[in-house]
Structure formats: structure tokens, C-alpha cells
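Trainee: Sharing a structure with you now.
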Amino acid sequence: MAGGSGGGKSTLLRLLDGLVPQFHGGRIAGSATVAGLDPLRTPIPQLAQRVGLVFQDVETQSVYGTVEREVAFGLENATLPRAEMHDRVDEALASLSIEHLRGRRLATLSGGERQRVQLAAVLAMRPALVALDEPTSQLDPEGSEAVLAACLRIARDGRAVVVAEHRLESLLASADRLLQVEGGRVSGTTEAALRRAVVSRTSHSPEPLEAAWEMIGVDAGPAGPRGAALLEGISLAGGAGEVVALVGPNGSGKTTLLRTLAGLLPALMGTVRRPAGRTAYLPQNPGALLHLPSVRAEVELTLRRAGAGPAPDVTASAGAMMAAFGLTHLAGRYPRDLSSGERQRAALAATLVGSPALVLLDEPTRGMDLAARRSLAAAVHSLTERGSAVVIATHDADLATELADRTIELRVGRAIEVEPGATPQTAATPPAAATPQAPR
1 MAGGSGGGKS TLLRLLDGLV PQFHGGRIAG SATVAGLDPL RTPIPQLAQR
51 VGLVFQDVET QSVYGTVERE VAFGLENATL PRAEMHDRVD EALASLSIEH
101 LRGRRLATLS GGERQRVQLA AVLAMRPALV ALDEPTSQLD PEGSEAVLAA
151 CLRIARDGRA VVVAEHRLES LLASADRLLQ VEGGRVSGTT EAALRRAVVS
201 RTSHSPEPLE AAWEMIGVDA GPAGPRGAAL LEGISLAGGA GEVVALVGPN
251 GSGKTTLLRT LAGLLPALMG TVRRPAGRTA YLPQNPGALL HLPSVRAEVE
301 LTLRRAGAGP APDVTASAGA MMAAFGLTHL AGRYPRDLSS GERQRAALAA
351 TLVGSPALVL LDEPTRGMDL AARRSLAAAV HSLTERGSAV VIATHDADLA
401 TELADRTIEL RVGRAIEVEP GATPQTAATP PAAATPQAPR
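Structure below.
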């Protein structure tokens, strides 16, 4: 399924497992049959045996603190024999190549790793229907391939798979049907329509820039299995008006680097320097950023804290930013009632408004449609023209190609600069020895 943010994709998926209307409520008419059951009347615990759903916000779906217990949770509720539970957990973890995460605490995982863990929990149940809401939004290429392979195995076994996605490139060749969900209506569509409006490529200036931020010999993050920090000896810098993209596999340390650069996570060793002025940080989970009664209040709060001037100036600036992200009609809405894509746009508006000196964005295109991606690109271009330094952690290759002046790959605790035109590694092999990076 494809379609703009807020069009109803998540609502349709939640109808499949009875959460709509049994849990979320709302008005409903007509009839439905899912895996031979009526989702409007069949108790949710019974539906859960036949329908597996992975949410957009996987952070809200976990129950236990460790990976193995989380994957086994549904099996325990189904009272399966212990030996069969062990076999199914092993099978589910292996199918997504995450056996190495078995003993990890969920709180220590990256967003992409948590997505794969929640999918493993669903696969362990062997449901007749698997429904996935933006399953690759935080995944590296290896993770995306593992999810697609798992979906194909499910389909070959005679079970159904329904996927709502904005990143359709890897799915189009394997999909049996394509549905467009817009404005609460579902219709068939063509591959050509879904492939329109290819993201434009821009050339970036090679002129050297004065450093706006620096990390010198930084070790960061929790100690790994060998007692070493997640990131070791990181020496990077970025200039005012420059966009640096961070790429690398899930769990490679992109979020850790951003949090350390933001000052939210103290460096274990080394020096971190940020520019004077506001540092704007967008976390992977936008819900962690939004807590006020309305979208407008969130955007205006940022401006007031930044000393944006008298009330009329704050109101005008907030209105302009909301309009830029297509949020004007949602200005009075409670952010947590919005779709995932709409929440992402609201969080971006609240983060990027004003003139931050340093902008740190963690997977900013999560759940976003093409129009919202264009708004993000325009906002980043506007910020860099005013001298903001921008660092983006992303698995979105199109976004990195369009916006980044430089690309830094994180792998095995090190950071190396990707040469222009080169493709970052996708295998988990150690990179060559890292050298200090400086802005161009």
C-alpha cells in the first residue's frame, strides 16, 4: 500500500487485527473477513493468533526488556510447549539475521534493530496474515533485504502479507498488487504512478568551510561485547552551511554519534565542540519530542525558547513553518493523534523553525511521503543558506544524495568518509583505518 501521510494506511492495517474499532474506536460500516474471522467482532486475543501486525512506532509495541523474551511473548500467551517456543524463537531470529541480538536489552538497540525484533516476534507466531506498517523506514540495506526475504517466504508458504510503505523501490518487483490509499479511499494504481517524481540530484560546492562543529578523538556509547565503546577514536568536523550525512548498518552508532554531538550523551573520551547558538535535535521517535496540546504550540514553544521576539513574530514564523510542511490544517490537532508521517512533519517543523546553529536529524524521512520529503529538502536548503550546519543520520540513499555535501560511513566503531560517487559498504566488514575528517 502506498499513499500520502494521513491517508489511512495505518488505520486500514489496524482494522485487519481488530484494533480498529475494538481498541481505537471510531465509526465503522460494512463488513470484513480476515483469515476467516470477522475483525469487527472477534476478540483481539483470538485475532492475534491469526494476524500479526508490526506498528510504525515499534517503540510502543515492546513488552519485555530483552530480545529473546520479547520474541517469545506471543508464544507464551498462546501456551506453546517450551521446546516448541525455543525452536520458533530460534527460527524467527535466524530468518532476520539477528541471532546476535538474542541477549540484548531492547533499550540498547537502534531503531532499525528494534524493527527487526518486533517483526521476529510476529513471525514466531506464524500468523495467516502479516501486516507491516513502514517496516523498512529505519533499516539499512541488509536489514531491508532480510525483511523482504522474510515476506517472500511467508507468501510462498501460502500466507498473506500486507505492507504499507513510502520506500517502495525494493518492494515493487515482488508485490502481487499495489493499492493507493488517499483521503480514506483505496484504489488500484500503476507502478509508473508510484515511480513518478524521482528525487532530483544536486551538485555541491567543494569550497572549504570553517569548522562549525568538531569531534576530536571521541569514544562514545555503551561498552560493546569486547569491552570497547560503540564508537572509538572518532575525529570529524562539519562547516557552517554544510550538510553531512551519516550512513552505516543498524547498530553502527549513528544515533550514538548524534546524541553525543548534541550533548545528550557524554563522550567517554575526547572533545566535542558545538557552535554557539541553538542545537536542534530530531530523535528517531518523534513522539519523544511532542508533548503539548497542539502542533502550533509545539512550533511556537521552540521559537519562544530561542527568543524569537514579540508574539506577532512568533505566530508568523510558526505559521510559515507549518505551511512549509503542509501542517496548516493540522495546527490545532494534538500531535499524538496524528499519523506517523504527520507526527514526523510536526516534529521537523518544531525542530527546524527559527535559525538553529547546528541541526541534527535522526532518520528524518521516517514515515514521510514524497511531498513531505520535498518540504524537508527545502527546509534544509534554507537553513544551510543561512549558515546552519546540518548532520543527518539516514538509510535513505536518495535523501543523502540530494542533500549531503559529504557522507560519513560508520562501521565497526569507526568513521570513514565516502568518496564522491562511491557506494557505502553493505557487508559487515571492518573498514580501513580511519583518519581524522575535516570539512571541505
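Just so we're aligned: 294 in my numbering is position 294 of the sequence shown, and the numbers increase by one with no gaps anywhere. Note that the Cβ used here is the ideal one computed from N, Cα and C, for glycine as well. Just so you know, these numbers come straight off a predicted model, no measurement behind them.
Excluding the 5 residues preceding and the 5 following arginine 104 in the sequence, name in chain order all residues of the same chain whose CB lies nearer than 6 Å to its CB.
Mentor: Result list for arginine 104: Val67, in chain order.
Trainee: Taking all protein chains shown into account, decide if valine 163 is buried (16 or more other Cβ within 10 angstroms of its Cβ) or exposed.
Mentor: Classification of valine 163: buried, given that the 10 Å Cβ count is 16 or more.
Trainee: Straight-line CA distance for arginine 374 to glutamine 115?
Mentor: Distance between the alpha carbons of arginine 374 and glutamine 115: 25 Å.
Trainee: Relative to the C-alpha of glutamine 49, which candidate in Pro293, Gly18, Thr60 has its C-alpha closest?
Mentor: The option with the nearest alpha carbon to glutamine 49 is Gly18.
Trainee: Compute the beta-carbon to beta-carbon distance between alanine 378 and alanine 324, rounded to the nearest angstrom, for a pair I have assumed lies under 8 Å.
Mentor: Yes, alanine 378 and alanine 324 are in contact; Cβ-Cβ is about 7 Å, under 8 Å.
Trainee: Do the segment 239-254 and the segment 21-30 touch if we need at least three Cβ pairs shorter than 8 Å?
Mentor: Short answer: they don't touch.
Trainee: Could you check how far apart the C-beta atoms of alanine 400 and valine 247 are, in whole angstroms? I think they sit under 8 Å.
Mentor: The Cβ separation is near 6 Å, so the contact holds.
Trainee: Runs of 3 residues minimum, wholly inside the segment 206-267: which ones carry the beta strand (DSSP E) assignment?
Mentor: As far as the segment 206-267 is concerned, its whole beta strand (DSSP E) runs of at least 3 residues are 211-223, 229-239, 243-247.
Trainee: Can you tell me where the beta strand (DSSP E) with leucine 53 in it begins and where it stops?
Mentor: Unbroken beta strand (DSSP E) run through leucine 53: 51-54.
Trainee: Helix, strand or coil: which one does DSSP assign to arginine 159?
Mentor: If DSSP states are grouped into helix, strand and coil, arginine 159 belongs with coil.
Trainee: I need the straight-line Cα distance from isoleucine 154 to valine 51, nearest angstrom please.
Mentor: Answer to the nearest angstrom: the Cα atoms are 13 Å apart.
Trainee: The beta strand (DSSP E) that contains aspartate 362, what's its start and end?
Mentor: Unbroken beta strand (DSSP E) run through aspartate 362: 358-362.
Trainee: Less than 8 Å between C-beta atoms, sequence neighbours within five positions excluded: which residues of the same chain meet that for aspartate 337?
Mentor: There are no such residues.
Trainee: Taking buried to mean at least 16 other C-beta atoms within 10 Å of its own C-beta, is glutamine 46 buried or exposed?
Mentor: That one is exposed.
Trainee: Using 10 angstroms around the beta-carbon of arginine 195, count the other beta-carbons present and answer buried if the total reaches 16, otherwise exposed.
Mentor: Unreliable positioning characterises arginine 195 in this predicted model, as indicated by a pLDDT of 42, which lies under 50. A coordinate reading is not provided.
Trainee: May I have a chain-ordered list of the alpha helix (DSSP H) segments no shorter than 4 residues that lie completely inside the segment 281-317?
Mentor: Taking only runs of at least 4 residues, the alpha helix (DSSP H) segments lying wholly in the segment 281-317 are 295-305.
Trainee: Nearest-angstrom Cα distance between serine 382 and arginine 167?
Mentor: If I take the Cα positions, the gap works out to 25 Å.
Trainee: Can you check DSSP and say which residues form a bridge with valine 181?
Mentor: Answer is Val186, bridged to valine 181.
Trainee: Along the chain, where does the alpha helix (DSSP H) containing valine 63 start, and where does it finish?
Mentor: Looking at the DSSP string, valine 63 is not in any alpha helix (DSSP H), and its letter there is neither H nor E.
Trainee: Could you pull out every residue in the same chain whose Cβ sits closer than 7 Å to the Cβ of alanine 318, ignoring the five residues on either side in sequence?
Mentor: Within the same chain, alanine 318 has close Cβ partners Arg296, Val299, Glu300, Leu303, Val353.
Trainee: Whole angstroms is fine: what's the gap from alanine 331's alpha carbon to glycine 341's?
Mentor: Distance between the alpha carbons of alanine 331 and glycine 341: 15 Å.
Trainee: Which whole-angstrom value describes the C-beta separation of alanine 245 and threonine 108, a residue pair presumed to lie in contact below a C-beta threshold of 8 Å?
Mentor: About 24 Å; that fails the 8 Å criterion.
Trainee: For arginine 102, which residues of its own chain have a beta-carbon under 7 Å away from its beta-carbon, when the five flanking residues on both sides are left out?
Mentor: Excluding residues within five positions, the ones whose Cβ falls inside 7 Å are Val67, Glu68, Leu93.
Trainee: Assign arginine 201 to one of three DSSP states: helix, strand, or coil.
Mentor: Unreliable placement is indicated for arginine 201, whose pLDDT of 29 sits below 50; no coordinate value is reported for it.
Trainee: Report the rounded CA-to-CA distance for glutamate 91 versus alanine 240, giving the unit in angstroms.
Mentor: Roughly 48 Å between the two C-alpha positions.
Trainee: What first and last residue would you give for the alpha helix (DSSP H) that runs through glutamate 402?
Mentor: It spans 397-403 - the alpha helix (DSSP H) in which glutamate 402 sits, taken as one unbroken run.
Trainee: Taking the alpha carbon of aspartate 57 as the point to measure from, which residue in Ala415, Ser339, Ser355 has its own alpha carbon closest?
Mentor: Residue Ser339 is the option with its Cα nearest to aspartate 57.
Trainee: Would you mind sorting glutamate 385 into buried or exposed? The rule is 16 or more other CB atoms within 10 Å of its CB.
Mentor: Glutamate 385 comes out exposed.
Trainee: Specify the secondary structure class of alanine 193 as computed by DSSP and reduced to three states.
Mentor: Reliability fails at alanine 193, whose pLDDT of 44 lies under 50, so the model's placement of it is uncertain and the value that follows must be treated cautiously. Helix.
Trainee: According to DSSP, is glycine 3 part of a helix, a strand, or is it coil?
Mentor: The answer is coil: DSSP assigns glycine 3 none of H, G, I, E or B.
Trainee: Do the segment 214-224 and the segment 254-264 touch if we need at least three Cβ pairs shorter than 8 Å?
Mentor: The segment 214-224 is in contact with the segment 254-264.
Trainee: Using the DSSP secondary-structure output, state which residues sit across from isoleucine 392 in a beta bridge.
Mentor: Answer by DSSP bridge pairing, in chain order: Ala245, Leu361.
Trainee: If contact is defined by three or more beta carbon pairs under 8 Å, each pair taking one atom from either stretch, is the segment 283-293 in contact with the segment 172-181?
Mentor: The answer is no - the segment 283-293 does not touch the segment 172-181, with fewer than three Cβ pairs under 8 Å.
Trainee: Is it the case that the segment 7-18 contacts the segment 81-88, given that we only count it when at least three CB pairs across the two stretches are under 8 Å?
Mentor: The answer is no - the segment 7-18 does not touch the segment 81-88, with fewer than three Cβ pairs under 8 Å.
Trainee: Taking just the CA atoms, how far does serine 31 sit from glycine 183?
Mentor: Straight-line Cα distance between these residues: approximately 20 Å.
Trainee: Let me check understanding here. Comparing Cα to Cα, which of Leu358, Ser355, Asp362 lies closest to glutamine 344?
Mentor: It is Asp362.
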